[in-house]
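Residue 206 in the working numbering is what sits at position 56 of the sequence shown, and the numbering runs on without skipping anything. Beneath this line is the structure, given in structure tokens, with notes to follow.
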Amino acid sequence: MSIYSTYNTADLPQATFLYASGVPLVGVEKVDGQKCEFCFERNESVDGLLMVFASGRECLLVPSRLLAAHKHLKSLLWSQR
151 MSIYSTYNTA DLPQATFLYA SGVPLVGVEK VDGQKCEFCF ERNESVDGLL MVFASGRECL
211 LVPSRLLAAH KHLKSLLWSQ R
């Protein structure tokens, strides 16, 4: 099993939720000229967090924390261009 979980830019809501939940971001990798992937450290909590996200309960996380995580990930994407 890979030690990284990758999410492309279409998965920004999932990536934002994982980052805001404290899953360590390893980096942002450029896949081709237009696409990037977020690489997260794979740990035992990722699957549980993704189940929370899929159920729609991610709104229980503090909105300001989600917004800050979203802005940070977007800035990382802009820096890759």
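All C-beta atoms, glycine included, are put in the ideal place defined by N, C-alpha and C.
Under a 10 Å Cβ-count criterion, residue 189 is classified as buried, with 16 or more other Cβ atoms of the shown protein chains found around its own Cβ. Residue burial annotation: residue 164 is buried, with at least 16 other C-beta atoms found within 10 angstroms of its C-beta. When secondary structure is reduced to three states using DSSP, residue 202 falls in the helix class. The closest CA to that of residue 217, considering only 170, 155, 161, is found on 170. In the structure shown, the three-state DSSP call for residue 173 is coil. When C-alpha distances from residue 202 are compared across 167, 175, 230, the shortest belongs to 167.
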